[in-house]
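Take a look at the structure below.
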Amino acid sequence: AQSVTQLGSHVSVSEGALVLLRCNYSSSVPPYLFWYVQYPNQGLQLLLKYTSAATLVKGINGFEAEFKKSETSFHLTKPSAHMSDAAEYFCAVSGGGTYKYIFGTGTRLKVLA
Amino acid sequence: DTAVSQTPKYLVTQMGNDKSIKCEQNLGHDTMYWYKQDSKKFLKIMFSYNNKELIINETVPNRFSPKSPDKAHLNLHINSLELGDSAVYFCASSQGESPNSPLHFGNGTRLTVT
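Protein chains in written order, with the numbering used here: chain D, 2 to 114; chain E, 46 to 159.
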């Protein structure tokens with residue numbers, strides 16, 4: 002069975018500070034991992050995805066994530082937070098024979114002026 | 046152009062009523078989904094269709110019935126609505142059944158059952 006755990010349901014950072022959102026996964030097969038962002042009253046949008054081509058994945062809006070198999074982690078980072086980054090972020094895993102995504106419980110990012 | 050569109054955006058109804066949510070995608074994708082997002086933002090898959098064929102049917106009450114008239118449309122009909130059905134329902138699509146195909150979401154339908 003696959004699962005993802007997002008540590009911290011709420012994260013606050015100052016504008017210009019480093020953003021770090023944590024995601025750990027569990028999978029019995031090589032996973033496909035994704036980060037999605039949800040702005041208020043909107044659907045989820047893909048930020049980036051890991052599909053085994055490279056362990057460091059760059060996404061949109063300056064975000065990136067690093068796949069670390071030894072730590073079963075796929076943390077999302079951005080060097081400098083912007084006010085427009087305030088949103089809900091979801092980590093997701095798929096693969097393993099049953100084609101369905103498993104989403105984490107989400108992390109709400111708040112950016113302080 | 047909206048890639049995945051859902052209607053209506055808001056739906057307020059009383060317990061016991063029957064309602065439908067419609068979804069259309071213009072991305073040419075083969076696979077469509079319904080997800081339910083509860084008040085704590087938890088996302089759970091309900092159904093998935095590939096080329097009009099049901100491929101995922103999670104443990105969803107029989108009151109929920111998806112229908113896919115063609116691969117660009119996936120509608121959700123809900124009978125005998127209950128208070129616990131209140132949630133945001135998202136339609137999504139992806140290209141093929143590959144697990145590395147990202148999902149494209151609609152903007153959601155907020156269902157409130159009173």
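The C-beta atom is built at its ideal place from N, Cα and C for all residues, glycine as well. Note that the coordinates shown come from a computational prediction; the quantities given were computed from them, not determined experimentally.
- Excluding sequence positions up to five before and after E:Lys64, its CB lies within less than 8 Å of the CB of Leu56, Thr58, His122, Ile123, Leu126, Leu156, all in the same chain and listed in chain order.
- D:Val20 is classed as buried because its beta carbon has at least 16 other beta carbons within 10 Å across all chains shown.
- Comparing alpha-carbon positions, the option among E:Thr154, E:Leu88, E:Lys112, E:Arg108 lying closest to E:Leu99 turns out to be E:Lys112.
- With contacts defined as CB atoms closer than 8 Å, D:Ile103 and D:Gln7 fail to qualify as a contacting pair.
- Between the beta-carbon of D:Leu77 and that of D:Ala66 there is about 5 Å, and that keeps the pair under the 8 Å contact cut.
- In this structure D:Leu113 is not in contact with D:Leu22, their Cβ atoms being roughly 16 Å apart against a cut-off of 8 Å.
- Nearest to E:Gly129 by alpha-carbon distance, out of E:Val105, E:Asn145, E:Leu119, E:Ser110, is E:Val105.
- In the structure shown, D:Met84 adopts helical secondary structure according to DSSP, grouped into three states.
- Annotation: D:Lys79 to D:Val5 spans about 20 Å, alpha carbon to alpha carbon.
- Taking CB atoms only, E:Leu148 has a neighbour in chain D less than 8 Å away.
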